[in-house]
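K.L.:
Take this structure, written in structure tokens, and hold onto it; I'll ask about it next.
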Amino acid sequence: MADGLPGSPVIDVALKNNGWAAQGPPELAEGSGARSRASYAGCPNGHHARRRAFDGDHTPSPKDNGQPTTWDPREVRGYFTQL
Numbered sequence: 001m002a003d004g005l006p007g008s009p010v011i012d013v014a015l016k017n018n019g020w021a022a023q024g025p026p027e028l029a030e031g032s033g034a035r036s037r038a039s040y041a042g043c044p045n046g047h048h049a050r051r052r053a054f055d056g057d058h059t060p061s062p063k064d065n066g067q068p069t070t071w072d073p074r075e076v077r078g079y080f081t082q083l
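Taking the numbering used here as reference, the numbering of the sequence shown is continuous, increasing by one, and the terminal residue is 83.
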């Protein structure tokens, strides 16, 4: 899984060591200002792993291209409410 994201080699090793199925987020077109997500299969019960790719400005309030509000709080809340 060489998707070119920073930290990819470290994540790949952690996935392999824990027996999780590697799955990178879908590729984003450069300059798209979009985001994608991958959830990993094979995680032990109660341990969820997700990986996010975002092709936009990395600010405290990231936004999808053309959107007036940040998506960050919804993503964080969605992740923690599944636990």
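All C-beta atoms, glycine included, are put in the ideal place defined by N, C-alpha and C.
Under 8 Å, do A38 and W20 count as touching if we go by C-beta distance?
P.N.:
The answer is no: Cβ separation not under 8 Å.
K.L.:
Taking the alpha-carbon of G56 as reference, which of N45, W71 and G46 has the nearest alpha-carbon?
P.N.:
The residue with the shortest Cα to Cα distance from G56 is W71.
K.L.:
So, A29 versus D64, is the Cβ gap smaller than 8 Å?
P.N.:
No, the pair does not count as a contact, with Cβ atoms beyond the cut-off.
K.L.:
Going residue by residue through the stretch 5–80, where are the continuous alpha helix (DSSP H) segments of at least 4 residues, counting only ones entirely within it?
P.N.:
Fully enclosed alpha helix (DSSP H) runs of 4 or longer: 8–18.
K.L.:
Straight-line CA distance for P9 to P25?
P.N.:
P9 and P25: Cα-Cα distance of roughly 14 Å.
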